[in-house]
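Numbers 1 to 253, taken from UniProt numbering, label the letters of the sequence shown in order.
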Amino acid sequence: MTASDPLFRADGRAVDQLRDVRITRGFTSNPAGSVLVEFGNTRVMCTASVSEGVPRFKRDSGEGWLTAEYAMLPSATAERMPREAMRGKVKGRTHEISRLVGRSLRAAVDLRGLGENTVNIDCDVLQADGGTRTASITGAYVALADALAVLKARGVVPGQPLLPPVAAVSVGIIDGAACLDLPYEEDSRAEVDMNVVMTEAGKFVEIQGTGEEAEFSRAELNTMLDLAEGGLNDLVALQKKALAVELGETVSL
1 MTASDPLFRA
11 DGRAVDQLRD
21 VRITRGFTSN
31 PAGSVLVEFG
41 NTRVMCTASV
51 SEGVPRFKRD
61 SGEGWLTAEY
71 AMLPSATAER
81 MPREAMRGKV
91 KGRTHEISRL
101 VGRSLRAAVD
111 LRGLGENTVN
121 IDCDVLQADG
131 GTRTASITGA
141 YVALADALAV
151 LKARGVVPGQ
161 PLLPPVAAVS
171 VGIIDGAACL
181 DLPYEEDSRA
191 EVDMNVVMTE
201 AGKFVEIQGT
211 GEEAEFSRAE
221 LNTMLDLAEG
231 GLNDLVALQK
241 KALAVELGET
251 VSL
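Here is the structure:
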């Protein structure tokens, strides 16, 4: 079976095709920004809230801050996982993804325009089927945009802090072929696994690439980045489409 075979991927997608992606704004009512983002069977709730004050290292700087937390619900996977809080220790993976989401979203906000306020991004995985961190980043940008619009209208943030979109997608090598947007079935057997975060302008925020079972060449890296860029252009267009419709509406690719 080759990459040109329609059954090469379990879900029948082409190698350069995203899963069905859906974004729903206003998913919950309490946060200033709340989004449900779905990449196939992966579903993540992303919220954005703003609190007064900044961490100590930012005090009296005139700038704000953005931080993020990522977590998975116990029943997000096929086998229930105990809550990390019950274990008394947060896993290294959770810390890593939280920091990734925070770094990525800081590329989408002008901290000077926030004043000395802190944006708190929370990404909670409701159902996991691969690509939870990239879905979190993509959905969290929309939640961030909604939160800043609300707070700007209330006079909480003094400037125009929102910058153009940031989105993320996974890419990898499966059976020797580069593929876009890996579900768990592919991610778990990928020879190479990569996550790419990019701005609307096509600038990279972060590239995480690992040879899981094999090394990869510069040519393969370029192929994966080209696939990622194409998918990210589609995701940015979807983010902008989501922000143009009414709260509660779902937009999809």
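For each residue, glycine too, the CB sits at the ideal point set by N, CA and C.
- In its own chain, which residues sit with a C-beta less than 8 Å from the C-beta of P183, not counting the 5 before and 5 after it? To locate residue 183, count along the sequence shown from 1; it is residue 183. The residues A10, D11, R19, G40, N41, T42, D129, G130, G131, in chain order, have a CB closer than 8 Å to that of P183 in the same chain once the five nearest residues on each side in sequence are set aside.
- Counterpart residues of R25 in DSSP-defined beta bridges: For the purposes of this step, residue 25 is identified with residue 25 of the sequence shown, where counting begins at 1. Under DSSP, R25 shares a beta bridge with V35.
- In three-state DSSP terms, what is T77? Position 77 of the sequence shown, counted from the start, is the residue given in the question as residue 77. Taken through DSSP and simplified to helix, strand or coil, T77 comes out as coil.
- Item | Distance, A149 Cα to M198 Cα | Against the sequence shown, residue 198 aligns to sequence position 198. Against the sequence shown, residue 149 aligns to sequence position 149. Going by C-alpha positions, M198 is about 23 Å away from A149.
- Does DSSP classify V251 as helix, strand or coil? Stepping through the sequence shown from its first residue, residue 251 is reached at position 251. Reduced to three states, the DSSP call for V251 is strand.
- Message: Does the contact criterion of 3 or more C-beta pairs under 8 Å hold for the stretch 95-115 versus the stretch 64-74?
- Response: Result yes; three or more Cβ-Cβ pairs closer than 8 Å.
- Task: Check whether the Cβ atoms of E220 and D193 lie closer than 8 Å to each other.
- Result: Indexing the sequence shown from 1 puts residue 220 at position 220. Indexing the sequence shown from 1 puts residue 193 at position 193. Cβ distance not < 8 Å, so E220 and D193 don't count as in contact.
- Query: Hey, would you say A242 sits closer than 8 Å to V142, going by beta carbons?
  - Reply: Position 242 of the sequence shown, counted from the first residue, corresponds to residue 242. Position 142 of the sequence shown, counted from the first residue, corresponds to residue 142. Yes; because the gap between Cβ atoms is below 8 Å, this pair is in contact.
- Three-state secondary structure assigned by DSSP to G172: For this step, residue 172 is matched to residue 172 along the sequence shown. Note: G172 maps to strand in three-state DSSP.
- Item | Rounded separation between K91 and P82 - CA only | As a first step, residue 91 must be located in the sequence shown, where it is residue number 91. As a first step, residue 82 must be located in the sequence shown, where it is residue number 82. Rounded to whole angstroms, K91 to P82 spans 12 Å at the Cα level.
- Message: Does G231 come out as helix, strand or coil in the three-state DSSP assignment?
- Response: On the sequence shown, position 231 is the one that residue 231 refers to. The answer is helix: DSSP assigns G231 an H, G or I state.
- Count the CB pairs spanning the stretch 53-62 and the stretch 159-179 that are closer than 8 Å, and state whether there are at least three. The stretch 53-62, when compared against the stretch 159-179, does not touch it at the 8 Å Cβ threshold.
- D110 - containing alpha helix (DSSP H), residue span: In the sequence shown, counting from the first residue as 1, residue 110 sits at position 110. Taken as a continuous stretch (DSSP letters only), D110 belongs to no alpha helix (DSSP H), as it is neither H nor E.
- Is the stretch 29-38 in contact with the stretch 172-188, if contact means three or more CB pairs nearer than 8 Å? No: fewer than three Cβ pairs fall under 8 Å.
- Message: Looking only at its chain, what residues have a beta carbon closer than 8 Å to the beta carbon of D187, apart from the 5 residues adjacent to it on each side?
- Response: Within the sequence shown, the letter at position 187 stands for residue 187. Closer than 8 Å at Cβ, skipping near neighbours: G130, G131, S170, G172, D193.
- Item | 7 Å Cβ shell around L238 - same chain, five flanking residues per side excluded | Working through the sequence shown from its first residue, we reach residue 238 at position 238. Result list for L238: V21, I23, V251, L253, in chain order.
- Query: How close, in whole Å, do the beta carbons of A78 and L126 come, if the pair is a contact with beta carbons under 8 Å?
  - Reply: The count along the sequence shown starts at 1 and reaches residue 78 at position 78. The count along the sequence shown starts at 1 and reaches residue 126 at position 126. Rounded to the nearest angstrom, the Cβ distance from A78 to L126 is 14 Å, too far for a contact under 8 Å.
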